[in-house]
Amino acid sequence: MSVNFGLSEEQIALRDLAHDFAKNAIRPVAAHHDETGEYPWGVLTQAHEVGLLNTHVGEENGGLALGAMDGMVLAEELAWGCSGVGTAMEANGLAQQPVILGGSESLKARFLTPMTEPGRERPQMCAYAVTEPGAGSDVQGLKTSAVKRGDKWVLNGAKMWITNAGVAEWFFVVAVTDAAKLARGGMTAFVVPANTPGLTVGKKEYNMGQRCSDTRGLTFDDVEVPEENVVGQVGDGWKLAMAAFDYTRPAVSCAAVGVARAAMEHALQYATERKTFGQPIANHQAIQFMLSDMAMEVDAGRLLCWKSAWMKDAGLRNTKEAAMAKAFCADMVMRTTTNAVQIYGGYGYSEEYPVEKLMRDAKIFQIYEGTSQIQRIIIARELLTRNK
Ligand SMILES: Cc1cc2nc3c(=O)[nH]c(=O)nc-3n(C[C@H](O)[C@H](O)[C@H](O)COP(=O)(O)OP(=O)(O)OC[C@H]3O[C@@H](n4cnc5c(N)ncnc54)[C@H](O)[C@@H]3O)c2cc1C
């Protein structure tokens, strides 16, 4: 059999575990965390206990060493529960991935192993700090600098929009070490513990959606980092920061599938209950077509995610496929949640019904981990240069 769209027994067990967790531990508190913006420590502590956090960390550091495809089933189910909670969990994976890919054994032992240890009152969180106030899409526009002084690196600058910043034990930080080279070896990645003197965490941003995932700025004022905290080699920063996306973009895209699936399920249910002109609105063809589009696009999005993850696990280059999954699923979840609000009519616009939250949560998928425009630039670059 050359093509198989099924999941392995282990993946089915993982999906069922994540689904039950999303249904029983995430959904009941999702509205509360959306309303208050309170960080979901309770859910994360339970997730850590049942083994749903830090799943990609290697076995040598106490993790499960799950593959990219395993991450698909987790991401979809958790985001089906609440994508704000899912993003808080996934932000650990984003910060850990470049350390997994390029970090020395001792760096991994110091920063990854403590994250997988059981029996903590609260799980440890971490954050990926690349974006700056003046540079998001244009990563080569980073201004945060790192200068070697003796056996220490000294960081100065600012970061912005960093998920988990207020709760992170450590940050994966990319800084400029040679302004003449930038992406060609002029950026270096560091692990910076949150309690390092000179590192200040800013105020929580109150965002449109995914409101419980903690987003803040950071400032670095002569922050000293030892040489051992360099991730990979000096000059590897750009390469590691981008390589992480080939793993994490499929997962973020599959989280968008989870939100879209949730919106579709709500819309299907409502369409059979709400009556207009003497019959359920599900009998109107205009409503049926919206539901059909949702079903087609949710399935198409999932297949793009799975293919890009499968390629990563198979050791194939998936940069184009990961960007395709990200662009498609981000735009798809926006369309699907907007149409779910439409199917609910006036009730869809009310906070008392579930779909307006999903529409607000959906928007960020077109912005973080590379905007929908940037994904199309990546796809075009791959088409024009690699596939010539
Ligand atoms: C809630 C949230 C969480 C985030 N979490 C993190 C995190 O954990 N870590 C982190 O490092 N970053 C994080 N980010 C930052 C995020 O990745 C950036 O916001 C994103 O990459 C866009 O950068 P920007 O905001 O500077 O927009 P800009 O780069 O200024 O872009 C503005 C607009 O111009 C478009 N644009 C830019 N360049 C081009 C071009 N060449 N062609 C066509 N259109 C273009 C963009 O698509 C966008 O529509 C987060 C952001 C948010 C809002």
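Take the position in the sequence shown, starting the count at 1, then add 346; the result is the number in this note's numbering. Every residue, glycine too, gets a C-beta built ideally from N, C-alpha and C.
Where does the unbroken alpha helix (DSSP H) through Glu-574 begin, and where does it stop?
Counting along the chain, Glu-574 falls outside any alpha helix (DSSP H), and DSSP gives it neither H nor E.
Between the beta-carbon of Lys-505 and the beta-carbon of Thr-490, is there less than 8 Å?
yes
Near Asp-568, which residues of its chain fall below 7 Å by C-beta distance, leaving aside the five closest residues on each side in sequence?
Val-500, Asn-502 and Gly-544
Mapping DSSP to helix, strand and coil, what is Asn-629?
helix
Could you say which of Val-538, Ala-589, Val-396 and Val-701 lies nearest to Arg-456 if we only look at CA atoms?
Taking each of Val-538, Ala-589, Val-396 and Val-701 in turn and checking the Cα distance to Arg-456, the smallest one comes out for Val-538.
Of all the CB atoms in chain D, is at least one closer than 8 Å to the CB of Met-506?
The chain inventory of the structure shown lacks chain D, comprising one protein chain alone.
With three or more beta-carbon pairs closer than 8 Å as the criterion, would you say the region 507-522 touches the region 548-568?
These segments touch.
Any heavy atom of ligand 1 within a distance shorter than 7 Å of the CB on Asn-553?
Relative to ligand 1, Asn-553 has its C-beta within less than 7 Å of a heavy atom.
Quick check: the Cα distance between Gly-555 and Lys-703, rounded to an integer number of angstroms?
7 Å
Buried or exposed: where does Thr-382 fall if 16 or more other Cβ atoms within 10 Å of its Cβ makes it buried?
exposed
So for Ile-372, helix, strand or coil by DSSP?
Helix, per DSSP.
Taking all protein chains shown into account, decide if Gln-721 is buried (16 or more other Cβ within 10 angstroms of its Cβ) or exposed.
buried
Name the one or two DSSP bridge partners that Tyr-474 has.
Phe-518
Count the other CB atoms within 10 Å of the CB of His-402; is the residue buried (16 or more) or exposed (fewer)?
Label assigned to His-402: buried.
Which residues mark the beginning and the end of the alpha helix (DSSP H) in which Thr-777 is found?
Absent from the structure is residue 777, since the part of the chain shown begins at 347 and ends at 734.
At which residues does the beta strand (DSSP E) containing Ile-508 begin and terminate?
498-509 is the extent of the beta strand (DSSP E) around Ile-508.
Could you compute how far the alpha carbon of Val-679 sits from the alpha carbon of Arg-495?
48 Å
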